[in-house]
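A.B. asks: Have a look at this one before I ask anything.
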Amino acid sequence: MSFVLVLAIAVTLLSTGVAFANFGPHGGYSQDTDACAGCHRAHSSASAVTWADQGGNDHSALLVSSAQTMSQFCYACHGDDAPGASTNVYIGVYDAGPSGRIGQTPGQNNGGVSVQYQTSSSFNATLNGGMFYGTTSMHNMDVGGATDPMWGAGSSAPAGTNLTCTDCHDPHGSSNYRLLKDVVNDNTVGGYDTSGAPTPYVISAEVGYPANGWSKHASGTAEMLAYRPNYTAPEYAYQPDAAGAFRSMSTWCSACHERYDEKNDVTLSQTYNYGNGEQYVSGATSASMGARARHRHPVNISLVAGRGAGRALTAEVVTDAVLPLEADPDRVGGVGTIRGGQWDYTDYLGCLTCHRAHGTSVDMTGWAEASLVSSGGAVVTWYPELRVQPVTGGVNPNNSSALLRADNRGVCERCHNK
144 MSFVLVLAIA
154 VTLLSTGVAF
164 ANFGPHGGYS
174 QDTDACAGCH
184 RAHSSASAVT
194 WADQGGNDHS
204 ALLVSSAQTM
214 SQFCYACHGD
224 DAPGASTNVY
234 IGVYDAGPSG
244 RIGQTPGQNN
254 GGVSVQYQTS
264 SSFNATLNGG
274 MFYGTTSMHN
284 MDVGGATDPM
294 WGAGSSAPAG
304 TNLTCTDCHD
314 PHGSSNYRLL
324 KDVVNDNTVG
334 GYDTSGAPTP
344 YVISAEVGYP
354 ANGWSKHASG
364 TAEMLAYRPN
374 YTAPEYAYQP
384 DAAGAFRSMS
394 TWCSACHERY
404 DEKNDVTLSQ
414 TYNYGNGEQY
424 VSGATSASMG
434 ARARHRHPVN
444 ISLVAGRGAG
454 RALTAEVVTD
464 AVLPLEADPD
474 RVGGVGTIRG
484 GQWDYTDYLG
494 CLTCHRAHGT
504 SVDMTGWAEA
514 SLVSSGGAVV
524 TWYPELRVQP
534 VTGGVNPNNS
544 SALLRADNRG
554 VCERCHNK
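In this note's numbering, the protein residues as written are 144 to 561.
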């Protein structure tokens with residue numbers, strides 16, 4: 144991390160005068176913004192990092208650093224011991240930096256850095272997205288060579304993808320929560336209409352969050368001044384479906400994991416192959432289960448589906464702060480009026496209820512990592528077999544903890560309370 148620290152110091156020195164608003168130098172640009180100079184030099188960039196246009200042609204990103212990868216450049220501010228940002232995504236904590244914790248006001252000291260912006264975050268607490276270091280699973284970053292399969296991907300998404308920060312986030316701002324890109328894997332998941340009004344897919348229930356998504360330029364700057372982000376307590380919000388469009392965090396994730404957005408047919412299943420030949424133990428050899436009817440837990444539904452006349456489960460769903468729901472804006476009067484952790488049965492279940500976006504360090508043991516084996520014979524039956532302990536590698540198809548928020552299958556028990 145010494146390289147990152149040196150790079151961070153360089154960026155800090157070169158970006159003196161950059162006004163750290165909600166997103167630091169990200170978004171809400173005025174006509175005469177100084178933010179561009181915090182990251183780019185038009186004539187003297189030393190970085191080898193490039194970006195690709197729609198034709199697949201590479202261009203220099205003109206970054207003011209010697210970073211060889213996009214992640215290295217982002218870690219200059221968002222890495223461990225980096226002074227440029229309080230959101231340390233490398234180890235997944237909210238630490239010293241220009242954004243204050245709960246109750247801190249601009250001008251106060253935050254670990255040697257003057258607070259520039261107020262948040263609703265807790266110092267030294269885990270970031271909502273998790274971390275990229277010391278994990279049992281994560282969205283791989285700049286790993287090079289072989290990459291993990293993109294489970295649930297559709298025909299237009301590759302089986303394996305070498306990700307970097309800007310595959311998910313737009314450093315220049317977007318209509319969505321946390322700079323999530325408006326176009327991912329050639330799928331539109333946010334953006335702006337012809338009049339410039341935002342059309343986001345992902346919104347938030349944080350204090351001051353603009354209910355209609357982030358505007359550009361002067362309007363966006365004004366929105367940021369009222370915003371109090373919470374980087375350490377999830378305050379996700381669900382957005383009522385627009386006409387003909389399902390807009391939510393889960394739909395945004397399915398821009399890459401396309402199969403997960405397909406609707407169930409009358410048999411409550413879909414028949415498809417993950418496309419990566421997932422290997423299971425079959426006697427002395429390995430074999431693939433192949434194309435099967437896959438059954439998926441529903442998302443974008445409220446917990447009301449598990450209670451009430453005619454549809455009640457045997458036991459009511461139990462809410463737990465470990466598993467954040469997406470707040471229903473209609474419940475208390477709109478986005479910004481609902482505080483994270485105060486879940487209600489009208490709130491919604493989405494991808495981030497069970498999973499973290501960046502990475503997790505939870506363990507998979509016992510039956511949580513049981514391997515599927517084949518019975519052999521004329522009619523092959525696949526069934527789980529407990530593996531020799533202790534092993535914490537997770538279960539097929541990706542042999543990891545699958546970005547889950549709790550050990551083993553704690554994400555199941557916390558809701559279903561069996």
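Every residue gets a Cβ at the ideal spot worked out from N, C-alpha and C, and that includes glycine.
Every value quoted in this text rests on a predicted model; they were computed, and no experiment measured them.
Let me check one thing: in DSSP terms, what residues is residue 502 bridge-paired to?
C.D. replies: Along the sequence shown, one-based indexing puts residue 502 at 359. In DSSP, residue 502 forms a bridge with 273, 281.
A.B. asks: When the Cα atoms are used, what is the spatial distance from residue 186 to residue 202?
C.D. replies: Within the sequence shown, the letter at position 43 stands for residue 186. Within the sequence shown, the letter at position 59 stands for residue 202. Pairing residue 186 with residue 202, the inter-Cα distance amounts to about 14 Å.
A.B. asks: Leaving out five residues before and five after residue 308 in sequence, what residues of the same chain have Cβ atoms less than 6 Å from its Cβ?
C.D. replies: Stepping through the sequence shown from its first residue, residue 308 is reached at position 165. So the list reads 213, 214, 217, once near-sequence residues are dropped.
A.B. asks: Of all the options 396, 522, 175, which has the alpha carbon lying nearest to the alpha carbon of residue 295?
C.D. replies: Residue mapping note: residue 295 aligns to position 152 of the sequence shown, counting from 1. Of 396, 522, 175, the residue nearest in Cα terms is 396.
A.B. asks: Any idea which residues DSSP pairs residue 371 with across the strands?
C.D. replies: Locating residue 371 in the sequence shown gives position 228, where the first residue counts as 1. In the DSSP output, where bridge partners are listed per residue, residue 371 has 350.
A.B. asks: Please state the DSSP three-state secondary structure of residue 516.
C.D. replies: Residue mapping note: residue 516 aligns to position 373 of the sequence shown, counting from 1. In the structure shown, residue 516 sits in a strand (DSSP, three-state: E or B).
A.B. asks: With C-beta atoms as the reference, is residue 274 less than 9 Å away from residue 284?
C.D. replies: Locating residue 274 in the sequence shown gives position 131, counting from the first residue. Locating residue 284 in the sequence shown gives position 141, counting from the first residue. Not a contact, by the Cβ cut-off of 9 Å.
A.B. asks: So, helix, strand or coil for residue 204, using DSSP?
C.D. replies: Taking the first residue of the sequence shown as 1, we reach residue 204 at position 61. The answer is coil: DSSP assigns residue 204 none of H, G, I, E or B.
A.B. asks: Given residue 277, which residues of its chain have a CB within under 8 Å of its CB, disregarding the five upstream and five downstream residues?
C.D. replies: One-based indexing of the sequence shown puts residue 277 at position 134. If we look at residue 277 and ignore the five residues flanking it on each side, its Cβ neighbours are 234, 504.
A.B. asks: Using DSSP bridges, identify the partner residues of residue 469.
C.D. replies: The count along the sequence shown starts at 1 and reaches residue 469 at position 326. Looking at the DSSP assignment, residue 469 forms a beta bridge with 491.
A.B. asks: DSSP beta-bridge partners for residue 237?
C.D. replies: For the purposes of this step, residue 237 is taken as residue 94 along the sequence shown, with counting starting at 1. Paired residues: 230.
A.B. asks: Any beta-carbon of chain C closer than 9 Å to the one on residue 551?
C.D. replies: Considering every chain present, this structure includes no chain C. It has just one protein chain.
A.B. asks: Per DSSP, what are the beta-bridge partners of residue 528 in this structure?
C.D. replies: Sequence index remark: in the sequence shown, residue 528 carries index 385 (1-based). DSSP lists 514 as partners of residue 528.
A.B. asks: Name the two residues that bound the continuous alpha helix (DSSP H) containing residue 225.
C.D. replies: Position 82 of the sequence shown, counting from 1, holds the residue named residue 225. Residue 225 -> no alpha helix (DSSP H), and no H or E assigned at all.
A.B. asks: Using 9 Å as the threshold, is the C-beta distance between residue 170 and residue 317 below it?
C.D. replies: In the sequence shown, the residue the question calls residue 170 occupies position 27. In the sequence shown, the residue the question calls residue 317 occupies position 174. It is a contact, given that the beta carbons lie within the stated cut-off.
A.B. asks: Leaving out the 5 sequence neighbours to the left and right, which residues in its chain are closer than 6 Å to residue 546 when beta-carbon positions are compared?
C.D. replies: Locating residue 546 in the sequence shown gives position 403, counting from the first residue. Closer than 6 Å at the Cβ level, and outside the excluded window around residue 546, lie 280, 498, 499, 503.
A.B. asks: Work out the CA separation of residue 373 and residue 241 for me, nearest whole Å.
C.D. replies: Locating residue 241 in the sequence shown gives position 98, counting from the first residue. Locating residue 373 in the sequence shown gives position 230, counting from the first residue. Distance between the alpha carbons of residue 241 and residue 373 is about 14 Å.
A.B. asks: Terminal residues of the continuous beta strand (DSSP E) containing residue 357?
C.D. replies: Residue mapping note: residue 357 aligns to position 214 of the sequence shown, counting from 1. No beta strand (DSSP E) holds residue 357; DSSP gives it neither H nor E.
A.B. asks: Could you tell me if residue 331 is buried or exposed, where buried requires 16 or more neighbouring beta carbons within 10 angstroms of its beta carbon?
C.D. replies: For the purposes of this step, residue 331 is taken as residue 188 along the sequence shown, with counting starting at 1. By the 10 Å Cβ count, residue 331 comes out exposed.
A.B. asks: Please tell me whether residue 501 and residue 232 are closer than 9 Å, where the distance is taken between their beta carbons.
C.D. replies: As a working mapping, residue 501 is identified with position 358 in the sequence shown. As a working mapping, residue 232 is identified with position 89 in the sequence shown. Cβ atoms of residue 501 and residue 232: closer than 9 Å.
A.B. asks: Can you check whether the CB of residue 492 is closer than 9 Å to the CB of residue 441?
C.D. replies: Along the sequence shown, one-based indexing puts residue 441 at 298. Along the sequence shown, one-based indexing puts residue 492 at 349. Yes, the Cβ-Cβ distance between residue 441 and residue 492 is below 9 Å.
A.B. asks: Taking the alpha carbon of residue 172 as the point to measure from, which residue in 254, 359, 381 has its own alpha carbon closest?
C.D. replies: Taking the sequence shown and counting its residues from 1, the one referred to as residue 172 is at position 29. Ranking the options by Cα distance to residue 172, first place goes to 359.
A.B. asks: Quick one: Cα of residue 551 to Cα of residue 399, how far?
C.D. replies: Position 408 of the sequence shown, counting from 1, holds the residue named residue 551. Position 256 of the sequence shown, counting from 1, holds the residue named residue 399. In a straight line, the C-alpha of residue 551 is about 26 Å away from that of residue 399.
A.B. asks: So what does DSSP say about residue 417, is it helix, strand or coil?
C.D. replies: What you label residue 417 is simply residue 274 of the sequence shown in a count that begins at 1. Any reading at residue 417 must be qualified, since the residue scores a pLDDT of 49, below 50, and its modelled position is unreliable; no value is offered.
A.B. asks: Please list, in chain order, all residues of the same chain as residue 537 whose beta carbon is under 6 Å from its beta carbon, the five residues on each side excluded.
C.D. replies: Within the sequence shown, the letter at position 394 stands for residue 537. Answer for residue 537: 507, 512, 543, 544, listed in chain order.
A.B. asks: Among the residues of its own chain, which have a CB less than 6 Å from the CB of residue 349, if the five just before and after it don't count?
C.D. replies: Indexing the sequence shown from 1 puts residue 349 at position 206. Result list for residue 349: 372, 373, 378, in chain order.
A.B. asks: Starting from the C-beta of residue 268, find all residues in its chain whose C-beta is less than 6 Å away, skip the five residues before and the five after it, and write them out in chain order.
C.D. replies: The residue labelled residue 268 in the question sits at position 125 within the sequence shown. Cβ within range, chain order: 237, 375.
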